[in-house]
Every structure is written in structure tokens, then in C-alpha cells.
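So for the sequence shown, the numbering used here puts the first residue at 338; every next one is plus one.
We put the CB at the ideal spot given by N, CA and C, even for glycine.
Here's the structure, in C-alpha cells; my notes come after.
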Amino acid sequence: MMIKKLLLLPIAFILFIAAAYADDDSVEPDAGPDDKTHVVSAIGQKIADAYGFQSFDKVSEIQYTFNARLGDKTIKRSWVWNPKDNKVTYKENGETVTYNQNDLSSASEEIKDIDAKFINDQYWLIFPFHLVWDDGIRIEVEDQKLDLPLGSGSSTKISVIYPETGGYTPGDIYDLYLDDNSMITKWVYRKGGSDAPTRVSTWEDNMELGSITISLNRQDPDSDFRVWFTDVIVVSD
Numbered sequence: 338m339m340i341k342k343l344l345l346l347p348i349a350f351i352l353f354i355a356a357a358y359a360d361d362d363s364v365e366p367d368a369g370p371d372d373k374t375h376v377v378s379a380i381g382q383k384i385a386d387a388y389g390f391q392s393f394d395k396v397s398e399i400q401y402t403f404n405a406r407l408g409d410k411t412i413k414r415s416w417v418w419n420p421k422d423n424k425v426t427y428k429e430n431g432e433t434v435t436y437n438q439n440d441l442s443s444a445s446e447e448i449k450d451i452d453a454k455f456i457n458d459q460y461w462l463i464f465p466f467h468l469v470w471d472d473g474i475r476i477e478v479e480d481q482k483l484d485l486p487l488g489s490g491s492s493t494k495i496s497v498i499y500p501e502t503g504g505y506t507p508g509d510i511y512d513l514y515l516d517d518n519s520m521i522t523k524w525v526y527r528k529g530g531s532d533a534p535t536r537v538s539t540w541e542d543n544m545e546l547g548s549i550t551i552s553l554n555r556q557d558p559d560s561d562f563r564v565w566f567t568d569v570i571v572v573s574d
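Structural data, given as C-alpha cells:
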């Protein structure tokens with residue numbers, strides 16, 4: 338399976354709400370590389386596998402609605418993605434558009450803008466798989482358990498560091514706090530590698546869908562920030 342590559346980097350598009358919301362309605366992390374010649378870290382592979390990465394090649398279709406809230410701004414858009422042939426259908430505010438990511442070089446600006454939203458939302462949906470797909474990332478593992486950024490307790494922390502150049506927001510860092518099964522429980526986004534967190538959230542409501550597992554809810558209990566997924570269907574061969 339080939340994930341269409343955008344400039345590299347994140348969404349580590351890095352479109353991610355990674356930032357809070359920008360002037361448009363994209364939220365932030367790039368899709369994975371076009372080949373598998375890049376180096377994949379052992380911990381990155383382990384986290385991806387915890388969410389069913391080893392079975393992703395069986396996935397023929399993913400349907401989902403991406404929801405995001407920050408302050409009084411809310412986003413809701415729905416997608417149907419066929420990863421084996423890179424076909425994408427977008428639905429928002431009564432508009433439906435279908436396109437193929439293989440044809441983006443000759444696509445209209447409207448389609449390219451829609452694909453930017455898709456990459457963003459897909460990043461949020463299956464971020465653990467990008468630890469294998471994304472090229473040029475570096476993963477650092479703390480040698481002892483650290484206090485969680487939300488709530489009480491401690492856990493293993495890793496930092497996913499994106500390249501200094503390329504992509505939409507170069508140098509972004511994602512701190513992931515893992516449970517004993519290598520699944521994410523808390524997430525911190527640091528725009529451009531800043532010391533202070535740009536966004537902090539939980540990773541909750543893991544659900545096994547088809548052949549993979551997806552976290553359906555991300556939120557900061559201390560703020561009005563939340564990203565969540567509804568109407569999720571994963572079709573596996």
C-alpha cells in the first residue's frame with residue numbers, strides 16, 4: 338500500500354491542529370513515503386503494530402467523520418478512503434467530491450485543498466501508522482518513566498521528531514506517552530520543536546475496527562479542545 342507523500346513531514350502534514358486552528362479549517366501533521374527504503378525504528382514499529390499495522394494491507398476501505406472543536410469553532414467532515422487504490426471521497430456541508438490521489442499533479446486547486454484536509458484528518462485517525470510510513474523522522478525514548486502531562490501517574494515517553502526542513506511545519510515534535518501495551522494514552526504536540534506544548538490531549542476510546550484499532554477520542558479535559566471520530570467503518574478483506 339502506498340500512502341501519497343506530501344512534502345514530507347508532518348501532517349507531520351502536518352497540517353495538524355497541531356497548531357491550534359490556523360486561519361483556515363485545517364488542523365495539523367504528510368503522508369508516508371512512496372517506498373519502504375527508509376529506516377523504521379523498533380519502537381515506532383512496535384507502536385504501529387499495537388494498533389494493527391501488520392494487518393493494514395487487508396484494509397480496502399475506511400469510512401469516518403472527523404470532528405474537531407477549539408473554542409467556538411467546530412469542524413465536521415466525512416471521508417471514504419480506499420487505501421489500495423488511493424481513491425478518496427469527501428463530504429462536507431452538503432458537498433461531495435471524489436478524486437484519486439494518484440492524479441494530484443494535474444488536479445485543480447480545489448482538489449488539492451481538499452486533499453490537504455484529508456491528509457490532516459487521516460493523520461489524526463491513524464497517527465501510529467505514520468511512525469512506520471513517514472520518512473526522515475527520529476524517535477527518542479526516555480530512559481525512565483515520566484509524569485503524565487494530564488492526570489496523575491507516569492509512563493514511558495517517546496518523542497517523534499520531524500525534519501527541520503520540508504513539509505508544512507518543519508521541526509515539529511510529538512511526545513507520546515505509552516501504556517504497557519505500547520498504545521498511546523497521552524499526546525503532546527510541540528510546534529516547531531518548541532519547549533512549551535502547543536497542544537495536549539488524551540488518547541481514548543480505542544476500538545477494534547476491521548483488522549486495525551483506532552482511538553476515537555482525543556481531548557484536553559482542562560480546555561475546550563477536542564478531536565473525535567464518528568461513523569467509523571473499516572472494511573478488511
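Which residues bound the alpha helix (DSSP H) around ILE380? As a working note, residue 380 is residue 43 in the sequence shown. According to the DSSP assignment, ILE380 belongs to the alpha helix (DSSP H) that extends over 379-387.
Which two residues bound the contiguous beta strand (DSSP E) that contains ASP568? Along the sequence shown, one-based indexing puts residue 568 at 231. Residue range 563-573 is occupied by the beta strand (DSSP E) that includes ASP568.
Compute every distance between the C-beta of ASP542 and the non-hydrogen atoms of the ligand GDP, then say whether any falls below 7 Å. Only the bare structure without any ligand can be found here, which leaves the ligand GDP out of the picture.
Bounding residues of the alpha helix (DSSP H) (the contiguous stretch that carries THR553): Stepping through the sequence shown from its first residue, residue 553 is reached at position 216. Just to set this straight, residue 553 is Leu in the shown sequence, not Thr. Going by DSSP, LEU553 is part of no alpha helix (DSSP H) but of the beta strand (DSSP E) stretching over 549-556.
Thinking just about the alpha-carbon of each residue, which of SER489, TYR511, SER492 is nearest to the one in ILE498? Reading the sequence shown from its first residue, position 161 is the one you call residue 498. Of SER489, TYR511, SER492, the residue nearest in Cα terms is TYR511.
Look up ASP512 in the DSSP assignment and say whether it is helix, strand or coil. As a first step, residue 512 must be located in the sequence shown, where it is residue number 175. It is a strand residue.
Relative to the alpha-carbon of LEU441, which residue among ASP542, GLU432, VAL425, GLY530 has its alpha-carbon at the smallest distance? The count along the sequence shown starts at 1 and reaches residue 441 at position 104. Measuring from the Cα of LEU441, the nearest candidate turns out to be VAL425.
C-beta atoms of SER378 and ILE476 nearer than 8 Å: Residue mapping note: residue 378 aligns to position 41 of the sequence shown, counting from 1. Residue mapping note: residue 476 aligns to position 139 of the sequence shown, counting from 1. At the C-beta level, SER378 and ILE476 come within 8 Å of one another.
Check this for me: beta carbons of LEU462 and PHE562, under 8 Å apart or not? As a position in the sequence shown, residue 462 is number 125, starting the count at 1. As a position in the sequence shown, residue 562 is number 225, starting the count at 1. Going by C-beta atoms, LEU462 is not nearer than 8 Å to PHE562.
For ALA533, which option in GLU541, ILE384, ASP509 has the closest C-alpha, if you only look at C-alpha atoms? If you number the sequence shown from 1, residue 533 lands on position 196. Residue ASP509 is the option with its Cα nearest to ALA533.
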